[in-house]
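Numbering (my numbering), first residue to last: 124 to 522.
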Ligand SMILES: Cc1cc2nc3c(=O)[nH]c(=O)nc-3n(C[C@H](O)[C@H](O)[C@H](O)COP(=O)(O)OP(=O)(O)OC[C@H]3O[C@@H](n4cnc5c(N)ncnc54)[C@H](O)[C@@H]3O)c2cc1C
C-alpha cells in the first residue's frame, strides 16, 4: 500500500476509535471553536478531550515540526487529515492567532529559543495570543504607529495605546508593533516584539459593538518592561515581520469567512431557503431571481474553496502566502458579505430580530453574523488597502 494510503487507513482507524462521537456533525471554522489559553473555560468536556487527543499527536498544527509540538506531516498528509476531519464533520481541535498568525511567523523569523518557548504552548492550546497592531492614529497607515519602546538595559520600556485588539481581555500574550527609532523613515523605525499580558503596566478595556458582543479592546501600555530577547527579527526591522504576519492573517480571514462554514449550523443556504421560501410543486424555488442568487453564491463559494486549496498546495513549503493573500482576502470577505445579504433576503423579517420570543436561536444568530460580516472588509486591512497591494505587488503597477 502506498505510504499516503497507509497513512489514511491508520488515521481512519484512529479517528473512528478516538474522536468523540458527540462532536461529529458539529463542524466549526477558524473563528468558531476552542481558542485555548490560561482563561479558557470548558463547558463541553468533549472539546477539551478532543484538543488533548489531537495535541498529543501534533494534529493541532499538523505541518509544524514535531520538535515544536506539531505533527511533522507532509503537505499531502495534512490534506488527508483535513479531508478525513471534514468527512466526519469534526471541528478543528483548536483555533486562534497562535496557530494562524504568530506561529508561522516564529517558524520563519523566530530564534530557536523563541520557537522552543512559544510554539509547543500554542500547539497544546495553553497560551492564547492577540494582535497589537492598530492604534487610534494608525489603521490603514499602520507604519505611522506611535507606540514607543525605549531601550533600558536588557529591556524595552513601552508606552502607548493599541486599539481594536481582538480578544485582548481573553488573551495571555500579545505580538505587538512598537516604534524603536522615531528619527528613521516610518517603516524603518518599527520593531516586532512579544509580551505576556500579565506584565505590569498592561491594561485592557473592552469595546461593545453593534453585534452585541465585545471582541475588541483598547489596550493601554504604561511603562511595560519587555526583555530584549522577546524581539522577533531585527530591531527596527519589524516591518518585514509585520507584513509577513499580515499575509497569514489575510489568508486566515479569507478561509474563515469565504467558505461559509457554520452558516445556519451547517445547513447551508439551501437549508435556509427550504425553511423560509415557497417552492413550486415541481420542487423548484418559485422566485427566479432568488434562485439565481443562491446558485451563483453556492458556485462562487465552491470555486473559492477549491481555488484557495489549490493555491495552498502550490505554495512552496516554508514560504508565507505573500501578497496574493490580498486577492483571497478581498474576494472571500466580499463573498461572505454577499452571502449574508442573501440569507437576510431569504429569511426576511425573521433575520432582523435582536431578542424576544418571535425569533428562534438560529435567526438571532443570523442577525448577529450579518452585522459581524460588515467588519470583514475592514479587519486585516480594508478592501481599499488590499486593492493598493494587489496593484503594486501582484500586478506590478507603478505608484
Ligand atoms: C473585526 C475586526 C477585528 C480587528 N482586530 C484587530 C486586532 O486584533 N488587532 C489590531 O491591531 N487591529 C484590529 N482591527 C483593526 C483593523 O486592522 C483596522 O480597523 C483597519 O486596518 C483599518 O484601519 P482604521 O479602522 O483605522 O481605518 P482607516 O485607516 O481610518 O480607514 C478609513 C477609510 O479610509 C480608507 N483608506 C485609508 N487609507 C487609504 C488609502 N491609502 N487608499 C485608499 N483608501 C484608504 C479605508 O479603506 C477606509 O475605508 C480589527 C478590525 C476589525 C473590523
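From the three backbone atoms N, C-alpha and C, an ideal C-beta is built for every residue, glycine too.
Closest residue to residue i among the options (Cα-Cα distance)
| i | options | result |
| --- | --- | --- |
| residue 544 | 419, 451, 416 | Look at the range of the chain in this structure, 124 to 522, and you will see that residue 544 is not part of it. |
| residue 127 | 189, 211, 200 | 200 |
| residue 376 | 174, 353, 506 | 506 |
| residue 391 | 188, 463, 510, 453 | 463 |
| residue 326 | 414, 297, 421 | 297 |
| residue 133 | 169, 203, 510 | 203 |
| residue 176 | 196, 197, 143 | 143 |
| residue 459 | 425, 474, 496, 436 | 496 |
| residue 449 | 431, 436, 461 | 431 |
| residue 263 | 180, 512, 517 | 512 |
| residue 367 | 447, 160, 130 | 447 |
| residue 198 | 516, 485, 461, 438 | 438 |
| residue 211 | 148, 164, 253 | 148 |
Rounded Cβ spacing between residue i and residue j (contact assumed at less than 8 Å)
| i | j | result |
| --- | --- | --- |
| residue 355 | residue 316 | 7 Å |
| residue 427 | residue 455 | 6 Å |
| residue 373 | residue 503 | 5 Å |
| residue 282 | residue 213 | That pair is no contact at about 45 Å. |
Residue burial classification, residue i (beta-carbon count within 10 angstroms, cutoff 16)
| i | result |
| --- | --- |
| residue 429 | exposed |
| residue 404 | exposed |
| residue 206 | exposed |
| residue 320 | buried |
| residue 409 | exposed |
| residue 333 | exposed |
| residue 498 | buried |
| residue 307 | exposed |
| residue 443 | buried |
| residue 369 | buried |
| residue 209 | exposed |
| residue 436 | exposed |
| residue 170 | buried |
| residue 162 | exposed |
| residue 160 | buried |
| residue 181 | buried |
| residue 178 | buried |
| residue 275 | exposed |
Cβ pair residue i, residue j closer than 8 Å
| i | j | result |
| --- | --- | --- |
| residue 349 | residue 318 | yes |
| residue 346 | residue 324 | yes |
| residue 248 | residue 174 | yes |
| residue 289 | residue 251 | no |
| residue 287 | residue 220 | no |
| residue 362 | residue 313 | yes |
| residue 266 | residue 309 | yes |
| residue 490 | residue 476 | yes |
| residue 342 | residue 285 | yes |
| residue 183 | residue 216 | yes |
| residue 395 | residue 508 | no |
| residue 494 | residue 420 | no |
| residue 185 | residue 196 | yes |
| residue 280 | residue 218 | no |
| residue 500 | residue 457 | yes |
| residue 453 | residue 518 | no |
| residue 399 | residue 473 | yes |
Cβ of residue i within 8 Å of any chain D Cβ
| i | result |
| --- | --- |
| residue 483 | Any reference to chain D falls outside this structure, which holds one protein chain only. |
>> Three Cβ pairs or more, each shorter than 8 Å: is that satisfied between the region 255 to 263 and the region 377 to 384?
In response: Segments in contact, no.
> Is there contact here, the region 185 to 195 with the region 238 to 245, by at least three beta-carbon pairs under 8 Å?
Replying inline: Output reads yes: the region 238 to 245 touches the region 185 to 195.
>> Would you call the region 131 to 141 in contact with the region 218 to 236, where contact means no fewer than 3 C-beta pairs closer than 8 Å?
In response: The answer is no - the region 218 to 236 does not touch the region 131 to 141, with fewer than three Cβ pairs under 8 Å.
>> So, does the region 264 to 274 touch the region 302 to 311, judging by three or more C-beta pairs under 8 Å?
In response: With three or more CB-CB distances shorter than 8 Å, the region 264 to 274 counts as touching the region 302 to 311.
> Okay, do the region 407 to 424 and the region 479 to 488 touch, 3+ Cβ pairs below 8 Å being the bar?
Replying inline: no
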